[in-house]
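Report on the structure given below.
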Amino acid sequence: MSCQINEKQSDNFFVEVKIIKKMDEPTSSCAKKRAPNFSGEEETRLLELVTKYKNVIESRKTDAVNNKVKAETWDLITQEFNTKNDFPRMAKNLHSYAERKVAHLNEVEEDILIQLIEKYQKDFTEKNDKIPFNIWQQICCELNDSSHVKRNIAFLKTEFERIRICGKNKLSKKKELNKTGGGRLDVEELTHNEDKLQALLGERLTGFESSFDSDSHPKKRRSQEPSTSRDDDSVNVDSMEDSTEELLKDQRTDWSKCTPAQLKTPKSSSLMSHEKDKVKESGGRKTAKDKITLWALSKVELVELQKNSFLEEHKLKLKIMEDKAKKEMEVMERESRLRIEILELQKQKISSELSA
Numbered sequence: 010m011s012c013q014i015n016e017k018q019s020d021n022f023f024v025e026v027k028i029i030k031k032m033d034e035p036t037s038s039c040a041k042k043r044a045p046n047f048s049g050e051e052e053t054r055l056l057e058l059v060t061k062y063k064n065v066i067e068s069r070k071t072d073a074v075n076n077k078v079k080a081e082t083w084d085l086i087t088q089e090f091n092t093k094n095d096f097p098r099m100a101k102n103l104h105s106y107a108e109r110k111v112a113h114l115n116e117v118e119e120d121i122l123i124q125l126i127e128k129y130q131k132d133f134t135e136k137n138d139k140i141p142f143n144i145w146q147q148i149c150c151e152l153n154d155s156s157h158v159k160r161n162i163a164f165l166k167t168e169f170e171r172i173r174i175c176g177k178n179k180l181s182k183k184k185e186l187n188k189t190g191g192g193r194l195d196v197e198e199l200t201h202n203e204d205k206l207q208a209l210l211g212e213r214l215t216g217f218e219s220s221f222d223s224d225s226h227p228k229k230r231r232s233q234e235p236s237t238s239r240d241d242d243s244v245n246v247d248s249m250e251d252s253t254e255e256l257l258k259d260q261r262t263d264w265s266k267c268t269p270a271q272l273k274t275p276k277s278s279s280l281m282s283h284e285k286d287k288v289k290e291s292g293g294r295k296t297a298k299d300k301i302t303l304w305a306l307s308k309v310e311l312v313e314l315q316k317n318s319f320l321e322e323h324k325l326k327l328k329i330m331e332d333k334a335k336k337e338m339e340v341m342e343r344e345s346r347l348r349i350e351i352l353e354l355q356k357q358k359i360s361s362e363l364s365a
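Add 9 to a position in the sequence shown, counting from 1, and you land on the number used in the numbering used here.
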């Protein structure tokens, strides 16, 4: 009986736990809802507020004090933004959205950038395909004068490269038309700025089109086919006749029955031309070999001169050392003689004093 009661109590306990868990679980009405997308009015309002406080937000200082000031500024922007907005936005959402919008150029700025590159195209296409740094400086200054967001040169370079790569990828998809059945239908149309960039860069963006096989355009293939006319045929016939006459002149002698007298006949023109070519080739090789030999001889002469200069320098050093050693020996001999004379004088003086 006690076992049955314990089992009932345990069952009741598990039932109560399940009920409590269900009560703690959030209902579908309390679930977190997704915020609506930013409208055009909200975007313009946010950009106006960001430009208003850009001196604080775009500061590059990242110490604790400046980070606190930036956070307070974003809270202030959020309050001002939500006063005129139906749906309340959080500060982190506004911050991330503003960073995404500032991360790329808008359509107006892209149009200005392409126009400025077209303006300075002559200054860099004549010398080099790459845009030099001084032209990027001018483009950056003029774009910043006409835009409320200040951009640097590195950012403009990356944006120009991004536009170029997007246009290149779209143009590369047009090769799908040459595939069996026309390929896939995901070919995208170029934007206005990408069309301008295509006209500006030309084959650097589109690449070289093949004029052979099935990759070439049918209209271009027809236009590039060689034109055959009667005039061209007559020219070819005349040249063929001339060449056959020359061959007949060279093939006069019959060498089927060779005699010693025929060996003294002059050489044919075809053989002479081959010999001239060989002489030219051998002459070119000979001049190259002569240059190499001259360079080698001059190198050997230079090495010998260096060797002789080192030997002379070594001999001179040995002579200087010998002269120095001789002088030192002479000085030492003089010093020894003087000491001996001084000692003899001292000896004579002492002997005279003792005798007195």
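Yeah, the Cβ is synthetic: ideal placement off N, Cα and C, and Gly gets one too.
Is the distance from the Cβ of residue i to the Cβ of residue j below 9 Å?
i: L103; j: L55; result: yes
i: V59; j: I66; result: yes
i: S68; j: V117; result: no
Going by beta carbon distance, what residues of the same chain come within less than 8 Å of residue i, once the five residues before and after it are set aside?
i: K358; result: none
i: E321; result: none
i: N91; result: P97 and R98
i: N245; result: Reliability of the predicted coordinates at N245 is poor, the pLDDT of 47 falling under 50, and the value obtained from them is presented with this limitation in mind. Counting only Cβ-Cβ distances below 8 Å, and skipping sequence neighbours, we find nothing.
i: I349; result: none
Would you mind working out which of the options sits nearest residue i, comparing C-alpha positions?
i: N94; options: R69, E52 and W83; result: E52
i: W83; options: K139, L354 and R98; result: R98
i: T87; options: Y62, P141 and E331; result: Y62
i: E81; options: W304, M341 and A100; result: A100
Who are the near neighbours of residue i in its chain, counting only those whose CB is closer than 7 Å to its CB and skipping five residues on each side?
i: V78; result: V65
i: S345; result: none
i: R160; result: C149, L152 and N153
i: E89; result: L58
i: L352; result: none
i: K316; result: none
i: I174; result: none
i: M32; result: Caution is warranted here: a pLDDT of 45 is assigned to M32, below 50, making its placement in the model unreliable, and the coordinate value is therefore given only provisionally. Nothing listed; no residue qualifies.
Since residue i and residue j should fall inside the 8 Å C-beta cutoff, what is the C-beta to C-beta distance between them, to a whole number of angstroms?
i: Q146; j: I121; result: The pair is not a contact, with the Cβ atoms about 16 Å apart (cut-off 8 Å).
Can you find a CB in chain D that lies within less than 9 Å of the CB of residue i?
i: R173; result: Although the question refers to chain D, the structure presented lacks it and comprises just one protein chain.
Within a Cβ cutoff of 6 Å, which residues of the same chain sit near residue i, ignoring the five residues on either side of it in sequence?
i: N178; result: none
i: T71; result: none
i: K166; result: none
i: S307; result: none
Does the Cβ of residue i lie closer than 8 Å to at least one heavy atom of the ligand MN?
i: Q146; result: No copy of the ligand MN appears in this structure; indeed no ligand is present at all.
**Request:** Would you be able to state if there are at least three C-beta pairs under 8 Å between the segment 120 to 129 and the segment 140 to 160?
**Result:** yes
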